[in-house]
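S.K.: So that you can map any letter, position 285 of the sequence shown is 315 in this note's numbering, and since no number is skipped, the others follow by simple counting. Backbone N, C-alpha and C fix where the C-beta goes; we use that ideal spot for every residue, glycine too.
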Amino acid sequence: MPDVPYTVVPTDQTIRRYDGEVLLFSWPDFVSTICEGTSCFICGRSRREVEFNDEHIVPNWTLHAFGLHQRTVTLPNGQRTIYGNYTIPCCKPCNHEMARQFENPMSALIRASGSAIHDHMVEHGGLLPFTWMALIFLKLHLKDRRLRRHLDCRLGNDAISADYTWEHMHHLHAVARAFHIGATVEREAVGSLFVFPVDAEPTAFDLVTFTDAQTMLLQLGRTGMIAVFDDSCAALNRVMWIIEKISGPLSTIQARDLTAHFAMANLDLLNRPRFWTRISPDRKDVFIGGTTDSVPLFRRYDKKLFGSLISAAIPTLPDVNDMDAEQACSALLAGEMNFLLDAEGEFVADHAARSGLVKKDKT
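(1) When the Cβ atoms of the segment 367-377 are set against those of the segment 271-279, are three or more pairs found closer than 8 Å?
(2) For K333, which residues in the same chain have their Cβ closer than 6 Å to its Cβ, ignoring the five residues on either side in sequence?
(3) To test your reading of the DSSP string, which unbroken alpha helix (DSSP H) runs of 4 or more residues are found completely within the segment 124-208?
(4) Should Q284 be labelled buried (16 or more other beta-carbon atoms within 10 Å of its own) or exposed?
(5) Grab me the residues of Q100's own chain with a C-beta within less than 7 Å of its C-beta, minus the 5 sequence neighbours each way, in chain order.
(6) Is there a C-beta anywhere in chain C that falls below 8 Å from the one on G278?
(7) Which of the three DSSP states, helix, strand or coil, is assigned to F96?
(8) Tell me the DSSP bridge mates of T307?
(9) Helix, strand or coil: how does DSSP classify L223 here?
(10) For a quick check, are the C-beta atoms of F190 and P106 less than 8 Å apart?
(11) What are the partner residues of V52, as DSSP defines its beta bridges?
(12) According to DSSP, is L297 helix, strand or coil?
(13) Tell me whether V152 is buried or exposed, calling it buried when 16 or more other Cβ atoms sit within 10 Å of its Cβ.
(14) Counting C-beta neighbours from all protein chains within 10 Å, is the total for H150 16 or more, i.e. buried, or is it exposed?
(15) Which same chain residues end up closer than 8 Å to R141 when comparing Cβ atoms and leaving out the 5 residues on each side of it in sequence?
(16) Let me make sure I understand the geometry here. Which of M367, R178, I45 has the alpha-carbon closest to that of R336?
(17) Count the other CB atoms within 10 Å of the CB of Q109; is the residue buried (16 or more) or exposed (fewer)?
(18) With DSSP as the reference, please indicate the residues paired to H210 in a beta bridge.
(19) In whole angstroms, what is the alpha-carbon distance linking H198 and W57?
(20) Look up M270 in the DSSP assignment and say whether it is helix, strand or coil.
(21) Buried or exposed: which applies to W162, given that a residue is buried once 16 or more other Cβ atoms fall within 10 Å of its Cβ?
(22) How big is the Cα-Cα spacing for F60 and P348?
(23) Using C-beta distances below 6 Å, list every residue in its chain close to M136, excluding the 5 sequence neighbours before and after it, in chain order.
(24) Do C65 and C124 have their C-beta atoms closer together than 8 Å?
(25) Closest by CA to H148, which one among F224, D323, E51?
(26) Does DSSP put G254 in a helix, a strand or coil?
(27) In three-state terms, what does DSSP make of Q109?
(28) Output needed for R252: all residues of its chain with C-beta closer than 7 Å, excluding positions within five of it in sequence on either side, in chain order.
(29) On the CB-based measure, 16 or more other CB atoms within 10 Å of its CB, does S222 come out buried or exposed?
(30) Run the CB neighbour count on M270, radius 10 Å, all protein chains shown included, and call it buried at 16 or more, exposed below.
(31) Can you find the residues in the same chain that come closer than 6 Å, C-beta to C-beta, to I256, ignoring five residues on each side of it along the sequence?
(32) Rounded to whole angstroms, what's the CA-CA distance from I72 to A342? Just pull it up for me.
(33) Classify T10 as helix, strand or coil using the three-state DSSP reduction.
(34) I need the straight-line Cα distance from F160 to V220, nearest angstrom please.
(35) Looking only at its own chain, which residues have a Cβ that is under 7 Å from the Cβ of R78, when we skip the five neighbours before and after it?
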């Protein structure tokens, strides 16, 4: 960032450009306007100010490419809804802007060779796929504000999001909409991102989120992507010892296992990054960054915590050698099972993981 007197903006102030465009939503305005209101989730404008249309939570090109329009997604309340109807309000200008900035280039990368995203990241950095995933994660959770937690009205009218701490998603929102205001997103503001090959059919699709850990897995055919949105890459640092052992494509269940490791690393991070936004005096330039310690520190590994995470990620187990279904579920919940490494710490070939060759973790 240039050495000029940019202002660090307090999080309780909403800052607008001179044309009225919001450069930074304060925490209160972010909650009331974006999370709990009905405004466009990118620009914050209302239906009185601009024409709206529906933005698919899973992008429309993805629904087409992977045959998802008539398939169903299971919501946090257990209800199932068709992907094609799974939308969130968005104004037309922002919708078109997202298509140009993200959907078109990401669809081209996914449809290209398996190494296309990796090659793009080597040449241009990971901001494009990271921001694209951040937008999906954000839309998923904003939609929960509009869905009932209980299908039985006698149990109350709370939304699925009733227990969300929206302020924790303030930085996520700032990074996700940085394209809209032309903000520069610095390296420390970006979280962990891991892209890997998956041994799956070309039309395979998977999506897993951990809300509190701000972690998401997205599998598109033979490409898997895991993102953590608020860790300044600390989770990747902790999980690297597992990644270094991976010697081939992962199976879908192994991808879910690895996502649970990323989520746990973020939950265990002790010295969390401190994010900030700086704006030039003329309000033309915006920088989003973070301050981190030189070395990330983590809590001691807790098998039970990992067990709860991997059980949420893998609700349906494959057959497990020498265990009945109840024993396998108990072992998984206790954190005594994994699908990535065998008892000697070596990578388990994906075909073996799918056929039930699952080892107990001796660590």
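M.R.: The relevant details are as follows:
(1) yes
(2) For the purposes of this step, residue 333 is taken as the residue at position 303 of the sequence shown. G365.
(3) 134-141, 146-154, 157-174, 200-206
(4) For the purposes of this step, residue 284 is identified with residue 254 of the sequence shown, where counting begins at 1. So Q284 counts as buried.
(5) Locating residue 100 in the sequence shown gives position 70, where the first residue counts as 1. I112, G114, listed in sequence order.
(6) No chain C appears in this structure, which consists of one protein chain only.
(7) Within the sequence shown, residue 96 is the residue found at index 66, counting from 1. If DSSP states are grouped into helix, strand and coil, F96 belongs with coil.
(8) In the sequence shown, the residue the question calls residue 307 occupies position 277. In DSSP, T307 forms a bridge with I318.
(9) The residue you call residue 223 lines up with position 193 of the sequence shown. Strand at L223.
(10) Your numbering for residue 190 matches position 160 in the sequence shown. Your numbering for residue 106 matches position 76 in the sequence shown. Looking at the sequence provided, one finds Ile at residue 190 rather than Phe. Yes, Cβ-Cβ distance for I190 and P106 is below 8 Å.
(11) Within the sequence shown, residue 52 is the residue found at index 22, counting from 1. BP columns for V52 point to R46.
(12) What you label residue 297 is simply residue 267 of the sequence shown in a count that begins at 1. Correct three-state label for L297: helix.
(13) Here residue 152 corresponds to residue number 122 of the sequence shown, with the count starting at 1. That one is exposed.
(14) By 1-based counting over the sequence shown, the position of residue 150 is 120. Classification of H150: buried, given that the 10 Å Cβ count is 16 or more.
(15) As a first step, residue 141 must be located in the sequence shown, where it is residue number 111. Hits under 8 Å: A95.
(16) Counting from 1 along the sequence shown, the entry for residue 336 is found at position 306. The residue you asked about is not Arg; residue 336 is Phe in the sequence shown. Among M367, R178, I45, the Cα nearest to that of F336 belongs to M367.
(17) Taking the sequence shown and counting its residues from 1, one reaches residue 109 at position 79. By the neighbour-count rule (16 or more Cβ atoms within 10 Å), Q109 is not buried but exposed.
(18) By 1-based counting over the sequence shown, the position of residue 210 is 180. None, per the DSSP bridge assignment.
(19) Taking the sequence shown and counting its residues from 1, the one referred to as residue 198 is at position 168. Taking the sequence shown and counting its residues from 1, the one referred to as residue 57 is at position 27. Looking at the two C-alpha atoms, the distance is approximately 9 Å.
(20) Start at 1 with the first residue of the sequence shown, and residue 270 comes out as number 240. Of the three classes helix, strand and coil, the one that applies to M270 here is helix, per DSSP.
(21) As a first step, residue 162 is located in the sequence shown; it is residue number 132 there, counting from the start. By the 10 Å Cβ count, W162 comes out buried.
(22) For the purposes of this step, residue 60 is taken as the residue at position 30 of the sequence shown. For the purposes of this step, residue 348 is taken as the residue at position 318 of the sequence shown. Taking the straight line joining both Cα atoms gives about 42 Å.
(23) Stepping through the sequence shown from its first residue, residue 136 is reached at position 106. If we look at M136 and ignore the five residues flanking it on each side, its Cβ neighbours are W162.
(24) Here residue 65 corresponds to residue number 35 of the sequence shown, with the count starting at 1. Here residue 124 corresponds to residue number 94 of the sequence shown, with the count starting at 1. No. Outside cutoff.
(25) Taking the first residue of the sequence shown as position 1, residue 148 is located at position 118. Ranking the options by Cα distance to H148, first place goes to F224.
(26) As a working note, residue 254 is residue 224 in the sequence shown. Note: G254 maps to strand in three-state DSSP.
(27) Position 79 of the sequence shown, counted from the first residue, corresponds to residue 109. The answer is coil: DSSP assigns Q109 none of H, G, I, E or B.
(28) Along the sequence shown, one-based indexing puts residue 252 at 222. Cβ within range, chain order: G144, P227, V228, A230, P232.
(29) Translated into the one-based positions of the sequence shown, residue 222 becomes position 192. S222 is buried by the Cβ-count criterion.
(30) Counting from one through the sequence shown, the residue named residue 270 turns up at place 240. M270 is exposed by the Cβ-count criterion.
(31) As a first step, residue 256 must be located in the sequence shown, where it is residue number 226. Closer than 6 Å at the Cβ level, and outside the excluded window around I256, lie F224, L247, T289, F292.
(32) Here residue 72 corresponds to residue number 42 of the sequence shown, with the count starting at 1. Here residue 342 corresponds to residue number 312 of the sequence shown, with the count starting at 1. Going from the Cα of I72 to the Cα of A342 covers about 30 Å.
(33) No information on residue 10 is available, as it lies outside the stretch 31 to 393 that the chain covers here.
(34) In the sequence shown, counting from the first residue as 1, residue 160 sits at position 130. In the sequence shown, counting from the first residue as 1, residue 220 sits at position 190. Approximately 8 Å between the Cα atoms of the pair.
(35) As a first step, residue 78 must be located in the sequence shown, where it is residue number 48. No residues qualify anywhere along the chain.
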